[in-house]
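Structure first, commentary second.
In the working numbering, the protein residues as written are 1 to 153.
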């Protein structure tokens with residue numbers, strides 16, 4: 001299994017996987033329009049097997065220097081519960097190990113705690129769609145919170 005940047009030919013498959021998880025009453029075209037906006041500020045990463053089968057994907061967004069967001073994390077249902085999403089997340093976090101990362105968790109936040117994420121205090125939560133979490137070194141945590149954080153993405 002390897003982690004690499006998604007190829008343009010894989011985007012349709014990535015969007016279909018995401019749509020199956022987050023349609024939220026939208027048509028596929030509406031979902032596609034909403035999610036293609038992220039491509040301007042982000043890079044999609046994929047986890048593929050030796051046959052180049054797409055197993056998992058996520059997008060890493062750069063909001064400002066040393067502040068990244070991770071979102072749209074999806075693992076093919078046939079490959080879940082094998083630690084493959086974890087592998088993808090870990091390798092992507094390593095790409096900018098000194099940076100701070102935020103995400104909005106729509107699952108139990110404790111899953112992301114294994115990667116060093118922590119739930120922001122209630123007064124900093126901005127969305128009912130997901131719990132905002134941050135991963136930052138202790139010396140940069142407070143500094144990261146001084147500037148406004150991006151809303152749900």
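The beta-carbon is built from N, C-alpha and C at its ideal position, and this holds for glycine as well.
Since the model is a prediction, treat every value here as computed from it, not as a measurement.
It is roughly 16 Å from the alpha-carbon of residue 61 to the alpha-carbon of residue 148. Classified as exposed, residue 124 has fewer than 16 neighbouring CB atoms from the shown chains inside 10 Å of its CB.
When DSSP assignments are scanned along the region 98-127, the uninterrupted stretches of beta strand (DSSP E) that are 3 or more residues long and fall wholly within it turn out to be 100-105. The alpha-carbon of residue 28 is positioned some 35 Å away from that of residue 121. Taking one beta carbon from each stretch, the region 44-58 and the region 66-81 have 3 or more pairs nearer than 8 Å; the two touch.
Taking C-beta separations shorter than 6 Å and ignoring five residues to either side along the sequence, the partners of residue 105 in its chain run 112, 130, 131 and 133, following chain order.
Bounds of the alpha helix (DSSP H) holding residue 11 are 11-22. Each residue's CA atom was taken as its position, placing residue 25 and residue 19 some 10 Å apart. Comparing alpha carbon positions, the residue from 139, 17, 69 and 70 closest to residue 32 is 17.
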